[in-house]
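Student:
4 protein chains.
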Amino acid sequence: MKTRRKLAVGLVGYNFMGKAHSNAWRQAPRFFELPADVRMKTICGRNTAAVKRAAQRLGWESSTSDWREVVDDPEIDIIDISTPNDTHREIVLAAAAMGKAILCEKPLGLDVAQCEEMLAAVRKARVVHMVCHNYRRIPAIALAKQMIERGELGNRIYHYRARYAQDWISDPKFPLVWRLQSQIAGSGAHGDINAHIIDLARYLVGEFSEVSAVMETFVKERPLAAGSRKKGRVTVDDAVSTIGRLRNGAIANLEATRFALGCKNSITLEINGSGGSLAFDFEEMNRLRFYNSADPEARRGFRDILVSEPQHPFMESWWPPGHLIGYEHTFVHTIADFVRAVVACKSVQPTFEDGLRNQQVLDAVMQSARERRAILIRR
Amino acid sequence: MKTRRKLAVGLVGYNFMGKAHSNAWRQAPRFFELPADVRMKTICGRNTAAVKRAAQRLGWESSTSDWREVVDDPEIDIIDISTPNDTHREIVLAAAAMGKAILCEKPLGLDVAQCEEMLAAVRKARVVHMVCHNYRRIPAIALAKQMIERGELGNRIYHYRARYAQDWISDPKFPLVWRLQSQIAGSGAHGDINAHIIDLARYLVGEFSEVSAVMETFVKERPLAAGSRKKGRVTVDDAVSTIGRLRNGAIANLEATRFALGCKNSITLEINGSGGSLAFDFEEMNRLRFYNSADPEARRGFRDILVSEPQHPFMESWWPPGHLIGYEHTFVHTIADFVRAVVACKSVQPTFEDGLRNQQVLDAVMQSARERRAILIRR
Amino acid sequence: MKTRRKLAVGLVGYNFMGKAHSNAWRQAPRFFELPADVRMKTICGRNTAAVKRAAQRLGWESSTSDWREVVDDPEIDIIDISTPNDTHREIVLAAAAMGKAILCEKPLGLDVAQCEEMLAAVRKARVVHMVCHNYRRIPAIALAKQMIERGELGNRIYHYRARYAQDWISDPKFPLVWRLQSQIAGSGAHGDINAHIIDLARYLVGEFSEVSAVMETFVKERPLAAGSRKKGRVTVDDAVSTIGRLRNGAIANLEATRFALGCKNSITLEINGSGGSLAFDFEEMNRLRFYNSADPEARRGFRDILVSEPQHPFMESWWPPGHLIGYEHTFVHTIADFVRAVVACKSVQPTFEDGLRNQQVLDAVMQSARERRAILIRR
Amino acid sequence: MKTRRKLAVGLVGYNFMGKAHSNAWRQAPRFFELPADVRMKTICGRNTAAVKRAAQRLGWESSTSDWREVVDDPEIDIIDISTPNDTHREIVLAAAAMGKAILCEKPLGLDVAQCEEMLAAVRKARVVHMVCHNYRRIPAIALAKQMIERGELGNRIYHYRARYAQDWISDPKFPLVWRLQSQIAGSGAHGDINAHIIDLARYLVGEFSEVSAVMETFVKERPLAAGSRKKGRVTVDDAVSTIGRLRNGAIANLEATRFALGCKNSITLEINGSGGSLAFDFEEMNRLRFYNSADPEARRGFRDILVSEPQHPFMESWWPPGHLIGYEHTFVHTIADFVRAVVACKSVQPTFEDGLRNQQVLDAVMQSARERRAILIRR
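Protein chains in written order, with the working numbering: chain A, 1 to 379; chain B, 1001 to 1379; chain C, 2001 to 2379; chain D, 3001 to 3379.
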């Protein structure tokens, strides 16, 4: 009898993303048929006491405050990186050197140069690599991808528009947290949330060829801490609005903002093709709206597909039709596909190359906002 | 140092509800601060091989095909019953006799007499008892309850209306499964889904005093199996429509059906009070719509509350605002509250008394449909 | 050259309905090809000065305070009755005797006996007769009718449910206007708005065979006038909830209320058949939602048809696709169809027979509420 | 007794806009208290027979095929221009010279130079002048304007985003009509529909300071006529996407397209301020959604205001609450306000200066699309 393979995982990071990834590692084997068992071996974080508590709460065997220990652990097969952006490069290079399969949170690096270096490293090491753009595996988005590939929107896409809107810093009295400081966060709404809808554009429609953008910091100074009277400068963008072209001829319109009161974590997409349209709203993430111009003329209309049928991507593993899933499930789907790829030694989208291409667009957007002109994106 | 208490659980049943309960037992300690550790000791089911696989998949230490083993196990503190309706009584009586805390799927029993016997047993044994009406712990429903109790709908409720609609047997070629045979299932849409919206009426608004009902079996004969040419009689209801009065003067209108094409697991509620209205739709379970007549006259409108803020019931334990949860979370909330009640030796709603009162209404509805007249419900 | 016929109209009533009917008489010839010219000859109302002003404002040649003058005017071809319910019978009998075509506001009479007498009169006189159930000619409703007749919901209808909800007397301080006094208004929500959704049930699905109902007067005493401390008894119903059966086997569920805060003039319908479902909401009156079980399994969903295409009923006469129409247009459509029927001497639905059948259901609902049992409706 | 003034109107143009304007001239005096009577004297169009039929159908006393006759008619007080864009200048200059009050369809002229000349002419002649941007007088939009002015969105506006989407030329087989030829139409989606959402930006939020744009012609050749095999070049834009800044610091994002399948005449707006947000959708034109950050934290949500109360702009003149109005009513409101301004000899927004400022933005957008850089807009 063939023994079943066991994959040991080390997770670096234990905050919001660490909690979401841990849940996914725990849940994936409960709901999906995986070709290996998962062993949640080590979680790593800077605060020793806190990460120890996290290990217990989140279900890890052990904890450490030194990520090199995790990378160097010969028993560990997979390194999952959910730390802030500025630490990704170093951990990825070390993990690749040790031959680990790598799942890395988005955005992959701080700039194009870092991403190129990281991509080169994983290629050289021939390890499986994936960027955690979890929204690709919302079932409704995966269904949209299928429909576009099968030509259900026609043979041409005309428009991709997306908006990622939040409101958590809309109040000028909200303090100057690290996410509002460029030396730590890199950028504001741009790298944090614009990165997601750029990835979805590339995934669903195609590569960018040109962008023009406006970036703005609406509240330029903020209290250093909640309630404090001392203020400091905000050095990242509050909002970024982008227009551009994709290589296949589609027009793109993207907007990312942290200043849209009433929008908590709102991601809305609409895609118009020559044969139909799709619309999606993350606040109704179990639905996909589909307009099919092949319907009889007097019976056309946006169709509200409740993406909960066994025929829909990922849904057979969960509950019967009409029983909704939530945000955390997107990570479970990501982990399940990643584990399959690791066992099969196959590429799994989105790869580090996707991370690099995403970064090229991110950089071009910033350049356009600075130079107030359209920027071409090299092929 | 005080040692932390550990509660061992035995779960009877391993199908749809067994999967949902198992998930809840696994997840509750990961997201909620519980006063005890949970040990998922034994899962029980009739098919030895299948329940063994289920144990592994769902995370139980051991499995058995004899529920008496579970009930008799001195290490087990809690019996969780997620088997079909006709087995509840026997297991409850045995578990109560053994002093176990009991969580039982709805509906509690087959009729009022059974429910009375079960309630007497748990009272006599002084064990914690709860019926698993998981929809009470949808955060939006728990919020609705808070708002009604705080008087946000005014000092009187005029209308409670609810509809639970599915479509899975809408096709006359769908076969005669056990759920369509009264000797096994008791009733059709009535006990299965009408029971839920009756419970929500009682939870949110109050006790019933009178009901009138129409029941119908639209498709009276069905193939004995999928594709079979032999047919058998359907002996349960396909749909039931109920009107009535609550003791506090409100009018109730309830509808449960398995014949509403396009409705997969749709539960819609609307409650109108003297000071405002609430509307809920389970297909958008993270939302609660609220009309407040205290708003300025020209600014009134149904307010679409995204129930994902830390101030909303249960939500602080999950994700940041705007990140949705799904169906399975309602069971996690139920288990978390149940564990706290078991440790504190306190009553936790909905109790077996709620199960009994629910059954009184269910019985009255059936009687009304039969006798084609209004039936009073004793206090 | 053939001279074009001219039809002279006399309108009795000049308040809310008088304004809506006058607008329809003015507008119908501007937007629809009619087989005759319309002459708005006389408007009639009890207050001489007020009706004179109304004539000028609403576009009538002359005014009078005596409806007999209108009925006796030999130049007048059509009598349009938009007065309160208790006056319909007398005017109809007189108008029929004079051979006038008659359009009468709903409900036709005060009870079944009156309706039978009125129907007999128009039949004997062989005049064209129509009850003004304007909601039948909402384009979305007319489209629903077409779809049901063409079998697009399948060969059986399982459910008809409708709710007509308002909130204008929800405040207990709202005074005891005449509409809340049975000797003038006959009934409350029942005759006023339940009558409409009963008519739509008959129009769209079929005749009733049995009803059970609950009626309630939530606020039993009200100030005699706004702000007054003297109170009087409310003698009509505030709300009525009805369940029942149609002859074709469908189950009906109807609710009419003036106590649903947030609902101004909300009419919602859902119809479930063996092949699909339709949903309508008068607050989005230009839309019809359609679930088609013939769509591919993983692409099904309620389709949101914007009923504004030239292929949709009545819409070619108005504006290009996507340009909405409103409440008043339903009367324009009614008048246009009525004029065509008068010129062609043909029957036009809804006839006085529809008015009578509607009254039979209304009476049965009241009897059921009184006797607390199901009431059969004679064929 | 003071005699009531009578204003005689001459309308140039009798197609889609001519029909809408005629209806508004007929209906305004029926529903609004106007300070003068309206006399629909002459309608003008190039085809003598067609305009004669139009006069009769639409309610005009006389017709002519020579617009100079209308402008020269000493009895006529008001010239209403609803002809294509390229004819506006000549008619306006002549009408101003004759001292007529002028209502002109949008866009005012073909370019900034024309608009300046027209503005100078009406100023010199001291006549009342108005551009017919009818969407300003959708009640929900007028309410939005009030709310913003009263500070209900806070003291700053962060975002204005709008999209005007249609789909009528989405099919590549749709022929090369005049609207797709630049020598006649000037531009495509840009002047036709982008002009509207630019006007709403200026009306609701403020003046533009900078724009960047992408314009695209997706289908570059089309059949010369329906079904024809001969093709001609499309010389206007199919879609235009614009980002930019307003003087008050807000970011703007605008999109206009004729290639969004499923969007018939969809205009969606969202405005985010420091104290709240507003959202509007022309396909639900009787609603305005309002998020108020002053609501209690756990009760916040977009409030769905049904704009049909007597307190809402324009609505008292129509029907009771909950009874919707449609597209054509926006013109009635425009005419009513214009008539009042003419009688009072007062300015009425949007004036020709608004037309000029709109044109400045339109020109800058085209320049930006051509030069692929941000274009400043002079004050």
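For every residue, glycine included, the Cβ atom is placed at its ideal position computed from N, Cα and C.
Identify the residues that DSSP records as bridge partners of E1270 (chain B): which are they?
Tutor: In DSSP, E1270 (chain B) forms a bridge with B:R1161, B:A1279.
Student: By the DSSP assignment, the alpha helix (DSSP H) with P1029 (chain B) in it spans what residues?
Tutor: Segment 1016–1031, the alpha helix (DSSP H) holding P1029 (chain B).
Student: Interface residues of chain C around Y1160 (chain B) at Cβ under 9 Å?
Tutor: Result: empty, since nearest Cβ-Cβ is about 11 Å, beyond 9 Å.
Student: Should the stretch 3124–3143 of chain D be called in touch with the stretch 3340–3358 of chain D, which here means at least 3 C-beta pairs below 8 Å?
Tutor: Segments in contact, yes.
Student: Contact defined as beta carbons within less than 8 Å: I believe S140 (chain A) pairs with R287 (chain A). What is the distance between those atoms, to the nearest angstrom?
Tutor: First, the residue type needs correcting, since residue 140 (chain A) is Ala and not Ser in the sequence shown. Going by Cβ atoms, the distance from A140 (chain A) to R287 (chain A) rounds to 6 Å, so yes, they are a contact pair.
Student: Measuring CB to CB, does A364 (chain A) end up less than 8 Å from V236 (chain A)?
Tutor: Not closer than 8 Å, so no.
Student: Starting from S2209 (chain C), trace the beta strand (DSSP E) in both directions and tell me its first and last residue.
Tutor: Counting along the chain, the beta strand (DSSP E) containing S2209 (chain C) begins and ends at 2208–2216.
Student: Chain D partners of F1290 (chain B), CB-CB under 8 Å?
Tutor: Chain D residues near F1290 (chain B): R3299, G3301.
Student: Does the distance from the CB of A2055 (chain C) to the CB of S2062 (chain C) come in under 8 Å?
Tutor: Their beta carbons are under 8 Å apart, which means A2055 (chain C) touches S2062 (chain C) by this criterion.
Student: From the DSSP output, read off the bridge partner residues of M1040 (chain B).
Tutor: Bridge partners of M1040 (chain B): B:V1009.
Student: Applying the 10 Å Cβ sphere with the 16-neighbour rule, what's the burial state of N2015 (chain C)?
Tutor: Counting Cβ neighbours within 10 Å, N2015 (chain C) comes out exposed, since fewer than 16 surround it.
Student: For K3106 (chain D), would you say it is in contact with chain C, using Cβ-to-Cβ distances shorter than 8 Å as the test?
Tutor: Not an interface residue.
Student: Going by beta-carbon coordinates alone, are I198 (chain A) and D86 (chain A) separated by less than 8 Å?
Tutor: No; because the gap between Cβ atoms is not below 8 Å, this pair is not in contact.
Student: Could you tell me whether the Cβ atoms of R1300 (chain B) and S1293 (chain B) are closer together than 8 Å?
Tutor: In this structure, S1293 (chain B) lies closer than 8 Å to R1300 (chain B) by Cβ.
Student: Could you give the first and the last residue of the continuous alpha helix (DSSP H) run that contains R1340 (chain B)?
Tutor: That run of the alpha helix (DSSP H) goes 1329–1344.
Student: Alpha carbon to alpha carbon, what distance is there between R1068 (chain B) and W1089 (chain B)?
Tutor: Correcting the residue type first, residue 1089 (chain B) is Arg in the shown sequence and not Trp. Approximately 13 Å between the Cα atoms of the pair.
Student: Are A1213 (chain B) and T1242 (chain B) close, meaning C-beta to C-beta below 8 Å?
Tutor: Yes; because the gap between Cβ atoms is below 8 Å, this pair is in contact.
Student: Specify, as a first and last residue, the run of the beta strand (DSSP E) that D3080 (chain D) falls within.
Tutor: D3080 (chain D) -> beta strand (DSSP E) spans 3078–3081.
Student: Among all the DSSP beta bridges, which residues are the ones paired with C1104 (chain B)?
Tutor: BP columns for C1104 (chain B) point to B:I1081, B:V1131.
Student: Check whether the Cβ of I325 (chain A) lies closer than 8 Å to any Cβ atom in chain B.
Tutor: Closer than 8 Å: yes.
Student: Run through DSSP, which three-state label would S1241 (chain B) get?
Tutor: S1241 (chain B): strand per DSSP, three-state reduction.
Student: Spatial neighbours of C3115 (chain D) within its chain, please: C-beta separation below 6 Å, excluding the five flanking residues on both sides.
Tutor: Same-chain partners within the cutoff: L3108, G3109, G3355, L3356, Q3359.
Student: I'd like to know whether the C-beta of D2383 (chain C) is nearer than 8 Å to at least one C-beta of chain A.
Tutor: This structure does not reach residue 2383 (chain C), given that chain C is present from 2001 up to 2379, and the question cannot be answered.
Student: From C:I2251, C:F2174, C:A2097, pick the residue whose C-alpha is nearest to that of K2220 (chain C); which is it?
Tutor: It is C:F2174 whose Cα lies nearest to the Cα of K2220 (chain C).
Student: Return no unless some Cβ of chain A is closer than 8 Å to the Cβ of E2283 (chain C).
Tutor: Not one chain A Cβ lies under 8 Å of E2283 (chain C).
Student: Looking at chain G, is there any beta carbon in it that lies within less than 8 Å of the beta carbon of K2264 (chain C)?
Tutor: Among the chains of the structure shown, chain G does not appear; the protein chains present are A, B, C and D.
Student: Taking all protein chains shown into account, do 16 or more other C-beta atoms lie within 10 angstroms of the C-beta of K19 (chain A), making it buried, or fewer, making it exposed?
Tutor: So K19 (chain A) ends up on the buried side.
Student: Identify the continuous beta strand (DSSP E) that holds S2182 (chain C) and give its terminal residues.
Tutor: S2182 (chain C) -> not in any beta strand (DSSP E); alpha helix (DSSP H) instead, spanning 2182–2185.
Student: Thinking C-beta only, is R2163 (chain C) closer than 8 Å to E2255 (chain C)?
Tutor: Result yes, Cβ atoms of E2255 (chain C) and R2163 (chain C) sit closer than 8 Å.
Student: Under a three-way DSSP split, which group does A3256 (chain D) fall into?
Tutor: Reduced to three states, the DSSP call for A3256 (chain D) is strand.
Student: Quick one: any contact between the stretch 1037–1050 of chain B and the stretch 1007–1014 of chain B, if contact means 3 or more CB pairs under 8 Å?
Tutor: Yes: the two stretches touch, three or more of their Cβ pairs being nearer than 8 Å.
Student: So what's N1358 (chain B) in DSSP terms, helix, strand or just coil?
Tutor: Three-state result, N1358 (chain B): helix.
Student: Would you kindly check if the distance between the Cβ of L1180 (chain B) and the Cβ of L1224 (chain B) is under 8 Å?
Tutor: Result no, Cβ atoms of L1224 (chain B) and L1180 (chain B) do not sit closer than 8 Å.
Student: Please list, in chain order, the chain B residues whose beta carbon lies closer than 9 Å to that of E2958 (chain D).
Tutor: Outside the displayed span of chain D (3001 to 3379) sits residue 2958 (chain D), for which this structure offers no information.
Student: I need the straight-line Cα distance from G151 (chain A) to G273 (chain A), nearest angstrom please.
Tutor: Rounded to the nearest angstrom, the two C-alpha atoms are 9 Å apart.
Student: Could you check whether H1323 (chain B) and N265 (chain A) sit closer than 8 Å to each other, using their CB atoms as the reference points?
Tutor: Their beta carbons are under 8 Å apart, which means N265 (chain A) touches H1323 (chain B) by this criterion.
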